[in-house]
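One structure below.
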Amino acid sequence: MESLRPYLLSLVLLIATAVLLMGFFSKNKFVVEGRTVLLTGGSQGMGRGLAKLFAQKGANVVIVARDVKKLEAAVEYIQSSAKSPQTQRFHFISADLTSSSENERIVKEVTEWNNGNPPDIVWANAGYSKPQLFLDASIESMRNQMETNFWAATYLAHTTLRTWLTPSASSPKDGSAVPTKEPLPRHFIMTSSVAALCGIAGYAPYSPGKAALRSLADTLRSEVQLYNGSRHYLSSSSVSPPPVKIHIVLPGTITSPGYVEENKTKHPVTHVLEEGDLVQTEDEVAAAAFKGLEAGNYMITTQFLGHAMRVGMLGGSPRGGVFGIRDLLFGWVIGVAWLFISPDMERKVWRWGRKNGVQSGAVKTYSK
Ligand SMILES: NC(=O)c1ccc[n+]([C@@H]2O[C@H](COP(=O)([O-])OP(=O)(O)OC[C@H]3O[C@@H](n4cnc5c(N)ncnc54)[C@H](OP(=O)(O)O)[C@@H]3O)[C@@H](O)[C@H]2O)c1
Ligand SMILES: *[C@@H]1O[C@H](CO)[C@@H](O)[C@H](O)[C@H]1NC(C)=O
Ligand SMILES: *[C@@H]1O[C@H](CO)[C@@H](O)[C@H](O)[C@H]1NC(C)=O
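Written as structure tokens, this is what we have:
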């Protein structure tokens, strides 16, 4: 047994190196140059960071939000980062995404704007958080957050996937012949949050909508395989729609205008639980999301704490890294760490209550 040890050790090192190298040399699985992107919530914060990066990488970008002034300013800002300013196109649409018919309208409008071809990449990123203790939050506030964080993304997924996966609606309109090689996949992406992965006092009005998105993404991820598999059955004369890839991005704290807003109602105990968390700028979070997409990942966290939360909560979600082995091993470590973190978080909340009382509506005295 003793004599085998160096061999086993070398074998483990060899496998680890091979796995790392395979990851390092893998090709870009998120090609955006020359493609058309529909991105919601693109007028500020993470969405604006994403739109800028799409522009830098050569994509045509349409952003959607409600406020026209902010949209105009954002398009100008995004456009100035274009890789090829002569050929890339930029556009905005003002819409309230909590209406299902508005989501249908924007997909139609972008398709017309894109010479009859539906957008290649659609990103449901709009969302907001108004954190409060559950007992302080009104039912209306909770329903509104569900409406924006869950339903708006669901409406967009529904109309986009119907457009993409109906064979007649998705054949290229530019007269090109039946493609001989595998077409680039289309991508549907949703922005969730690490709040979907862990119970944090004060986020009851927000987290459930983001957690529901994760479940929707997991389910769609499974369901699109059906369409991709059935592409082989289409007759050679009809153009089969390109395969669809589903992704979900779960950022941690972002220094966005939305974050400044959510800070106004946040209970002090939520601040205690978030103390010391890594904060990312809109450009940093966008770059981290792209890194995960380019590696071909499905479920993408954007910083170390997020990675740790994700691998500890994978359940039946697909694992990342070569053959999923990286996430599997990392998840085992986190499973042990969680034995300590979870009781520690509960203790922090209990201690805060013992020292200060509940302070229902405490934040009213903090903001204004
Ligand atoms: N900030 C964070 O710390 C954090 C952490 C984790 C996850 N997230 C998630 O990441 C995403 C981006 O957050 P952010 O803080 O960067 O953004 P943000 O500064 O709050 O901006 C939100 C964007 O969404 C648009 N929007 C909101 N509601 C809309 C509606 N009903 N219809 C159309 N557009 C709407 C806003 O424009 P209008 O108001 O003009 O419509 C704006 O462009 C959100 O989904 C958020 O939940 C944020
Ligand atoms: C679609 O199926 C083909 C095999 O027919 C496979 O090579 C490809 O990776 C699949 N695409 C997606 C996005 O799952
Ligand atoms: C958030 O609010 C806390 C107090 O409630 C304050 O100390 C902190 O500076 C605020 N941060 C931001 C980004 O507004």
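Residue numbers (full-length UniProt numbering): 1 to 368. Think of the CB as a built atom: it goes at the ideal place given N, C-alpha and C, for glycine as much as any other residue. Since the model is a prediction, treat every value here as computed from it, not as a measurement.
Just to confirm, does residue i get its C-beta within under 7 Å of one of the non-hydrogen atoms of ligand 2?
| i | result |
| --- | --- |
| PRO243 | yes |
| PRO185 | yes |
| ASN228 | yes |
Is residue i near ligand 1, going by C-beta to nearest heavy atom under 7 Å?
| i | result |
| --- | --- |
| GLN44 | yes |
| GLU104 | no |
| SER193 | yes |
| ARG214 | no |
| LEU97 | yes |
| GLU72 | no |
Check whether the Cβ atoms of residue i and residue j sit closer than 8 Å, and answer yes or no.
| i | j | result |
| --- | --- | --- |
| GLY49 | VAL260 | no |
| PRO243 | PRO318 | no |
| LEU250 | LEU197 | yes |
| TYR206 | GLN145 | yes |
| LYS130 | THR265 | yes |
| LEU156 | ALA124 | yes |
| VAL107 | THR159 | yes |
Closer than 7 Å to a non-hydrogen atom of ligand 3 - does that hold for the CB of residue i?
| i | result |
| --- | --- |
| ASN144 | no |
| VAL269 | no |
Tell me where the beta strand (DSSP E) around residue i begins and ends.
| i | result |
| --- | --- |
| THR40 | 36-40 |
| MET299 | 299-301 |
| HIS158 | Premise fails: HIS158 lies in the alpha helix (DSSP H), 152-165, not in any beta strand (DSSP E). |
| PHE92 | 90-94 |
Under the three-state reduction of DSSP, which class applies to residue i: helix, strand or coil?
| i | result |
| --- | --- |
| GLN280 | strand |
| LEU329 | helix |
| ALA124 | strand |
| residue 371 | One cannot answer for residue 371 here, as it falls past the ends of the chain, which runs 1 to 368. |
| ALA55 | helix |
| ALA65 | strand |
| THR253 | strand |
| PRO268 | helix |
| PRO343 | helix |
Starting from residue i and walking both ways along the alpha helix (DSSP H), at which residues does that stretch end?
| i | result |
| --- | --- |
| PHE188 | Looking at the DSSP string, PHE188 is not in any alpha helix (DSSP H); the run it does join, the beta strand (DSSP E), is 186-191. |
| ASP136 | Looking at the DSSP string, ASP136 is not in any alpha helix (DSSP H), and its letter there is neither H nor E. |
| LEU197 | Where LEU197 is concerned, there is no enclosing alpha helix (DSSP H), given that its DSSP letter is neither H nor E. |
| VAL31 | Careful: VAL31 lies outside any alpha helix (DSSP H) and carries neither H nor E. |
| VAL322 | That residue, VAL322, is in no alpha helix (DSSP H); it is neither H nor E in DSSP. |
Who pairs with residue i in a beta bridge, going by DSSP?
| i | result |
| --- | --- |
| ASN60 | THR36 |
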